[in-house]
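Reminder that position 484 of the sequence shown reads as 813 in the working numbering, one-by-one numbering, no gaps.
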Amino acid sequence: MRYYLVLFIGLFLGVQSVLAQVPKKSTSSDIFHSLQKLNFLGSALYIAAHPDDENTRLISYLSNEVKARTGYLSITRGDGGQNLIGSELRELLGVLRTEELLAARGVDGGEQFFTRANDFGYSKHPDETLQIWDKKAVLGDVVWVLRNFKPDVIVNRFDHRTPGSTHGHHTSSAMLSVEAFDLANDKNAYPEQLDKVSLWQPKRSFFNVSWWFYGSPENFENADKSKMMNLDVGVYYPMKGLSNNEIASIASSQHLSQGFGRMSDRGSQDEYIELLSGDLPNDTSNIFEGIDTSWSRIKGGEAIGKILVSVEENFDFINPSKHLPELLEAHKLLANLEDDHWKQIKLKELQDIILTACGLYLEASSEVPNAVPGSTVKINIEVLNRSNAAISFNSVSLASNSFNQNKILLANNQKKNLVLDLKIPETEQYTSPYWLTEKGSLGMYKVNQPEIIGSPETIPPFNASFELEFNGYSMRIDKPVIHRYSKPDKGELYEPFEIIPEATAKFSDKVLIFADRTPRKIPVTITAHKNGLKGNVKLGHNKGWVVDEEFIEFEIANKGDEKTLVFTLTPPSHEDESTITPIIRIDGKELDRELIEIAYDHIPTQTVLLPSEAKVVRLNIRKVGEHIGYIMGAGDEIPESLEQIGYTVHLIDPADIESGSLNKYDAVVTGIRAYNVVEELKFKQRFLLEYVEQGGNLIVQYNTAGRRDSSFKDLAPYPLKLSRDRITNEDSAVKIIASDHSVINFPNAITNSDFEGWVQERGLYFPDEWDPKFTPILQMNDKGESPTNGALLVAPYGKGNYIYTGISFFRELPAGVSGAYKIFANILSLGKEKIDNTTDIKGK
């Protein structure tokens, strides 16, 4: 990808997700709204920790009512959360949530920015958060965004003065913002940034306070509001036919992976912000009071403002193109001013208005969605003027190719099409989320080009540059190369044009469990991304593991075809955790990437290149039983993980559950948050408990308490109260407090060593009260906190067992954590000590 060759194009000019969005069809009302924003030279930046933390009501209000340039800085990409709509977790979830944020900004009119901080999961205190994040680096990223975006006003979602009272990421985001407020104007702070950006001092900063932070509406009603501003964000926009709150609801509903789809809201609504730094405006409804937001803010801007304000005041909604002479004059004056922050922003805004006022359509669409280095693809160029304005098409250039001829006058609604050949350089890097190009750490992503820090997406690999002439005034307009296509069941679609490797490889299983030294067949699927692919593959592995063949040759005739090669892997005699990697060798080049597609209707399809690898685990594990029934909840990969240790997993449709239907299973497991998201379970609970009573094992994984999702009160056969208790440190001490219980001893002996090497967390939403019939098995606590015993609770019920666990098996099993597999196998085998068919995973 060539994003480092076009470092500042679009980064801080409001270009959001340009690669994959359907081109905006602007109405005259949209153009007028853009004119109003063009004539407002003020900016506000909202800062919080995660996707879905942002207050879309306030962002939309500042962007659409105040007309300010408005941004949202999310410190992380939400990589550590859960996923209600699919199986993507960790870095893939971060890609999904990034796109959901961009979709939200596309609705509320804001812009989106990030730091390099990795959402490593829930954190109880900012001290832990800022240590794992590398505070100096993340603070530098915040300072970098402030110096680029240059906000007049900053609004924090969270309170920096209450560490330990909420998610550590939340408080940390506010603490970083407060510190960066002054550092952005300090020449001694991050001086290496100053050869690319200039110092900046925001005018004032606020905390977006609400009654929630005071405990109740009554407490907030009686609170001191002398330093607060009150903004009515429920305004109605006749030109949009929507209220601000309706826009905000639509925006926040883009966060589908977090279950944020919600009803629209209308009517007057107060939003309070508390002053943290700077002066409090006398007009407590005007956040920009005392800040020059007119064109006089720019040296030489008064003449420009005079023209553009006049266009706004006399705007012709029937024929916007009639304002082209004035718009071009303003563009000419603006282009000749001294280089200035606002100059670059307003040139881009004004150019967009000129294009939309003329109904000018420019497109560069590849015939294919992707290509490999060294290949040539055809790019379809379309130019269309849908006005009577005198516009000439002079040329279009694309990398080393260009189309030049005498001026072509673009007659009203007469389309001009041509085709260019695009040669992809051999040195072209691959297109993938830039923050995933190199392996980072637990708390930080690695980005080698500091200039792109903050950008939501990777910059397009190629742009088509159109040279147009408007009434004798030349203008260059860049458009990213995209891929436009259609599907019979979807209609017209747009997606990025991307550069990918000649071939990619993947394993069918990301975790492979070996119970003994029996060799195992390892299929590797090679996908060709060009025709006539020839090469070989070897299986990279660590010492102690043995592969039958050094490499396997392959040939694939057609692009898009796949071929599966099979290696035989023999594990060591001792327990071991390692990784294997398929290494493709083609013409002296080694390739080791897997191509992953993230496809949902509410976001553009995303292509992610990650190292292709699988975790291989030599593990002495035993189990009882074979058939497991699994009721999916919010989405996890536990069924596939259980099949890895020899179980046959049957996915159960809750609608099919009835008396006796579950008796064929050795155990039944409910997926994470199943009772929160599967409404029908509340009507099927009696059948589940009947199954337990007749001798079955029911394992209920964590559900949330006190959330918007519909919590189910009768979760267990005996009283059980869920809490928000959680153990966030994956290395926190664990004590086995029921050492004689069979779940600790059969069929695998569980010791403290089985709690080593865990990932992200121990567990969450543990019960804090339960009936004496439950036996707590484990005791855990994070540093400095009292122990909690609710991680794993077992209760006999009738002839069977009911098990509730908040342990994060949904993270540990897909990560190949040996101890977690042993514990889960014991839970599934509970009560079956007298059965003499104890087996290892090979069934021996």
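For every residue, glycine included, the Cβ atom is placed at its ideal position computed from N, Cα and C.
Could you tell me which whole beta strand (DSSP E) segments of length 3 or greater appear in the stretch 721-777? 730-738, 745-752
By Cβ distance below 6 Å, which residues in the same chain neighbour Glu923 in space, the five residues on each side in sequence not counted? Numbered from its first residue, the sequence shown carries residue 923 at position 594. Thr833, Lys835, Leu939, Ser941, listed in sequence order.
With hydrogens ignored, establish whether the beta-carbon of Gly438 is closer than 7 Å to any heavy atom of the ligand NAD. Here there are no bound small molecules, and the ligand NAD is not part of this structure.
Spatial neighbours of Pro649 within its chain, please: CB distance less than 6 Å, with the 5 preceding and 5 following residues excluded, ordered by chain position. Residue mapping note: residue 649 aligns to position 320 of the sequence shown, counting from 1. Around Pro649: Ser357, Ile360, Ala686.
CA-CA distance, Glu547 and Asp1100? As a first step, residue 547 is located in the sequence shown; it is residue number 218 there, counting from the start. As a first step, residue 1100 is located in the sequence shown; it is residue number 771 there, counting from the start. Roughly 35 Å separates the two Cα atoms.
DSSP state of Ala857 mapped onto helix, strand, coil: Residue numbering aside, residue 857 sits at position 528 when the sequence shown is read from its first letter. Strand at Ala857.
Whole-angstrom distance between Lys707 and Met330, CA atom to CA atom: Sequence index remark: in the sequence shown, residue 330 carries index 1 (1-based). Sequence index remark: in the sequence shown, residue 707 carries index 378 (1-based). With a pLDDT of only 32 at Met330, under the threshold of 50, the placement of this residue in the model should not be trusted, and no figure is reported.
I'd like to know whether the C-beta atoms of Glu1022 and Lys1128 end up nearer to each other than 8 Å. Taking the first residue of the sequence shown as position 1, residue 1022 is located at position 693. Taking the first residue of the sequence shown as position 1, residue 1128 is located at position 799. Their beta carbons are under 8 Å apart, which means Glu1022 touches Lys1128 by this criterion.
Look at the Cβ atom of Asn1032, then the Cβ atom of Tyr1094, and state whether they are nearer than 8 Å. Counting from one through the sequence shown, the residue named residue 1032 turns up at place 703. Counting from one through the sequence shown, the residue named residue 1094 turns up at place 765. For Asn1032 and Tyr1094, yes; Cβs fall inside 8 Å.
If you scan the stretch 480-539 from start to end, which runs of the alpha helix (DSSP H) of 4 or more residues do you find wholly inside it? Runs of the alpha helix (DSSP H) lying entirely within the stretch 480-539, each at least 4 residues long, are 497-512 in chain order.
Just reading off the alpha helix (DSSP H) that Gln272 is part of, what are its end residues? Within the shown structure, residues of the chain are numbered from 330 to 1173, placing residue 272 beyond reach of any answer.
Opening and closing residue of the alpha helix (DSSP H) in which Arg1015 lies: Taking the first residue of the sequence shown as position 1, residue 1015 is located at position 686. That run of the alpha helix (DSSP H) goes 1010-1022.
Three-state class that DSSP yields for His979 in the structure shown: For this step, residue 979 is matched to residue 650 along the sequence shown. In this structure, His979 counts as strand in the three-state DSSP scheme.
With respect to the alpha helix (DSSP H) encompassing Ala1149, which residues constitute its N-terminal and C-terminal limits? The sequence position of residue 1149 within the sequence shown is 820, counting from 1. That run of the alpha helix (DSSP H) goes 1147-1157.
Hey, is the stretch 753-761 in contact with the stretch 813-823, meaning 3+ C-beta pairs nearer than 8 Å? no
Across which residues does DSSP place Gln441 in a beta bridge pair? Your numbering for residue 441 matches position 112 in the sequence shown. DSSP output for Gln441 lists Tyr401 as bridge partner(s).
Whose C-alpha, out of Glu878, Ala943, Leu948, is nearest the C-alpha of His903? By one-based count along the sequence shown, residue 903 stands at place 574. The option with the nearest alpha carbon to His903 is Leu948.
Under the rule that 16 or more other beta-carbon atoms within 10 Å means buried, what is Trp541, buried or exposed? Mapped onto the sequence shown, residue 541 falls at position 212. With fewer than 16 Cβ atoms within 10 Å of its Cβ, Trp541 is classed as exposed.
In whole angstroms, give me the CA-to-CA distance for Thr622 and Ile616. Counting from one through the sequence shown, the residue named residue 622 turns up at place 293. Counting from one through the sequence shown, the residue named residue 616 turns up at place 287. The straight-line gap from Cα to Cα measures roughly 12 Å.
Give the range of the alpha helix (DSSP H) segment to which Arg386 is assigned. The residue given as residue 386 occupies position 57 in the sequence shown. Residues 385-389.
Through-space distance from Leu421 to Phe443, alpha-carbon basis: Residue numbering aside, residue 443 sits at position 114 when the sequence shown is read from its first letter. Residue numbering aside, residue 421 sits at position 92 when the sequence shown is read from its first letter. Those two C-alpha atoms are separated by around 16 Å.
Three-state secondary structure assigned by DSSP to Phe1095: Against the sequence shown, residue 1095 aligns to sequence position 766. If DSSP states are grouped into helix, strand and coil, Phe1095 belongs with the strands.
Pick helix, strand or coil for Pro825, following the three-state DSSP scheme. On the sequence shown, residue 825 is found 496 positions in, with the first residue counted as 1. DSSP places Pro825 in strand when its eight states are reduced to three.
Give me, in chain order, the residues of the same chain whose beta-carbon lies closer than 6 Å to that of Leu738; leave out the 5 immediate sequence neighbours on both sides. Counted from its first residue, the sequence shown places residue 738 at position 409. Counting only Cβ-Cβ distances below 6 Å, and skipping sequence neighbours, we find Ser721.
State the Cα-Cα distance for the pair Ser502 and Arg490, rounded to the nearest angstrom. Stepping through the sequence shown from its first residue, residue 502 is reached at position 173. Stepping through the sequence shown from its first residue, residue 490 is reached at position 161. Rounded to the nearest angstrom, the two C-alpha atoms are 12 Å apart.
Give me whichever residues DSSP pairs with His584 in a beta bridge. For the purposes of this step, residue 584 is identified with residue 255 of the sequence shown, where counting begins at 1. Note: His584 is not bridge-paired with any residue in the DSSP secondary-structure output.
With which residues is Val997 paired in a DSSP beta bridge? For the purposes of this step, residue 997 is identified with residue 668 of the sequence shown, where counting begins at 1. DSSP, once it has assigned bridges, lists Gly958, Leu1027 as partnering Val997.
If contact is defined by three or more beta carbon pairs under 8 Å, each pair taking one atom from either stretch, is the stretch 491-511 in contact with the stretch 449-460? yes
What whole-angstrom Cβ distance do Phe478 and Ser372 have, given they're in contact under 8 Å? As a position in the sequence shown, residue 478 is number 149, starting the count at 1. As a position in the sequence shown, residue 372 is number 43, starting the count at 1. Confirmed, Cβ separation roughly 7 Å.
Assign Ile1028 to buried or exposed, taking buried as 16 or more other Cβ atoms, counted over all protein chains shown, within 10 Å of its Cβ. Reading the sequence shown from its first residue, position 699 is the one you call residue 1028. Ile1028 should be labelled buried.
What three-state label does DSSP hand Lys1199 in the structure shown? Because the chain spans 330 through 1173 in this model, residue 1199 falls outside it and cannot be assessed.
Could you tell me which of Lys628, Leu898, Asn1110, Gly889 sits nearest to Lys850, measuring between CA atoms? Taking the first residue of the sequence shown as position 1, residue 850 is located at position 521. Considering only alpha carbons, the answer is Leu898.
Quick check: what's the CA-CA separation for Ala728 versus Ile806? As a working mapping, residue 728 is identified with position 399 in the sequence shown. As a working mapping, residue 806 is identified with position 477 in the sequence shown. Rounded to whole angstroms, Ala728 to Ile806 spans 15 Å at the Cα level.
N- and C-terminal bounds of the alpha helix (DSSP H) containing Ile782: In the sequence shown, residue 782 corresponds to position 453, counting from 1. Note, Ile782: premise wrong, no alpha helix (DSSP H); not H, not E.
Coil, strand or helix - His285 by DSSP: Since the first residue of the chain shown is 330 and the last is 1173, residue 285 is not available in this structure.
Write down the C-beta distance between Ile683 and Leu662 rounded to the nearest angstrom, noting that I regard them as a contact closer than 8 Å. Within the sequence shown, residue 683 is the residue found at index 354, counting from 1. Within the sequence shown, residue 662 is the residue found at index 333, counting from 1. Contact annotation, Ile683 with Leu662: C-beta distance approximately 14 Å; criterion of less than 8 Å not satisfied.
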